[in-house]
Amino acid sequence: MNKSFIKFLTDFGPLLIFFVVYYRGGKDLIIAIPPLILATLIAVVIVYYLEKKIPYIPLTGAILISVFGGLTIFFNNPIFIYLKPTVINILFAIGLLMGKLVFHKNYLKLFFKGSLQLEDYGWDKLMYRWVSFFIFLAIINEIVWRTQSEEIWINFKVWGILPLTFIFTAFQIPLIQKYKKNEK
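The structure is reproduced here in structure tokens:
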């Protein structure tokens, strides 16, 4: 199999499994969460095997899914899984801000490790935009889970957040082009 196809499966497979089990299991989160946790952990192992390094962002997601999913199952209360996207987006925003304001490092630049070559001002603008976007995602998650049904929240999580992220990312292309370092 193609390595990029396997990477795609590890990125989106656990979510697809969750979605299918949720709908085939009578729209029950308690039934759908264990396969999500298992598939996410397997995906992290596969990415580690393929890349021969620890995949920090997928690993962080797997830990948070395991913790919040486990709490949801243990207490039989969906609030924990509803809060996971809020918590993870706030943690990413805080992590990026702390990196810049406290440690004077742009973690976004470190994350992209040479795949993007931007002027420092461009990196900073991009980082602050991502911070704002993560906060926006946290707020919108809170609004949706607090005002809509569980099924609408799940559909929003699966079919709303991903397109929003793609659209946001596409809107960063002009900034990236503007601040791209001239290659000599």
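Start counting the sequence shown at 184; every next residue gets the next number (the numbering used here). Note that beta-carbon positions come from the ideal geometry of N, C-alpha and C, so glycine has one too.
Rounded C-alpha distance that separates residue i from residue j
i    : j    : result
K308 : L345 : 22 Å
I264 : F258 : 11 Å
K190 : E234 : 10 Å
F195 : Y304 : 33 Å
I271 : M184 : 31 Å
P197 : A226 : 8 Å
Q360 : Q331 : 39 Å
N289 : M310 : 7 Å
P241 : T193 : 9 Å
I356 : I350 : 10 Å
L320 : V285 : 24 Å
Reference residue i, options the options, closest by Cα
i    : options                : result
L221 : A245, K236, F202       : A245
N324 : V314, S298, Y311, G343 : G343
L266 : L358, R329, V230       : R329
W313 : F275, K364, I256       : F275
Q300 : I262, K364, I256, T223 : K364
F186 : L212, Y232, P217, I216 : Residue identity differs from the one stated: residue 186 is Lys in this sequence, not Phe. Among L212, Y232, P217, I216, the Cα nearest to that of K186 is on Y232.
I370 : I318, L358, L212       : Since the first residue of the chain shown is 184 and the last is 367, residue 370 is not available in this structure.
I216 : G253, F339, G278       : G253
Buried versus exposed, by CB contacts within 10 Å (16 or more), residue i
i    : result
V230 : buried
F188 : exposed
G209 : exposed
T223 : buried
M281 : exposed
V327 : buried
F201 : buried
F354 : exposed
F162 : The structure shown has nothing for residue 162, since the chain only spans 184 to 367.
I138 : With the chain represented from 184 up to 367, any question about residue 138 goes unanswered, as that position is not in the structure.
I322 : exposed
Whole-number beta carbon distance between residue j and residue i, since they are thought to touch under 8 Å
i    : j    : result
V204 : I214 : 6 Å
I256 : L219 : I256 to L219, Cβ: 11 Å. No contact.
Y362 : E302 : 5 Å
Problem set entry | Runs of beta strand (DSSP E) lying entirely within the stretch 222-310, each at least 3 residues, in chain order | none
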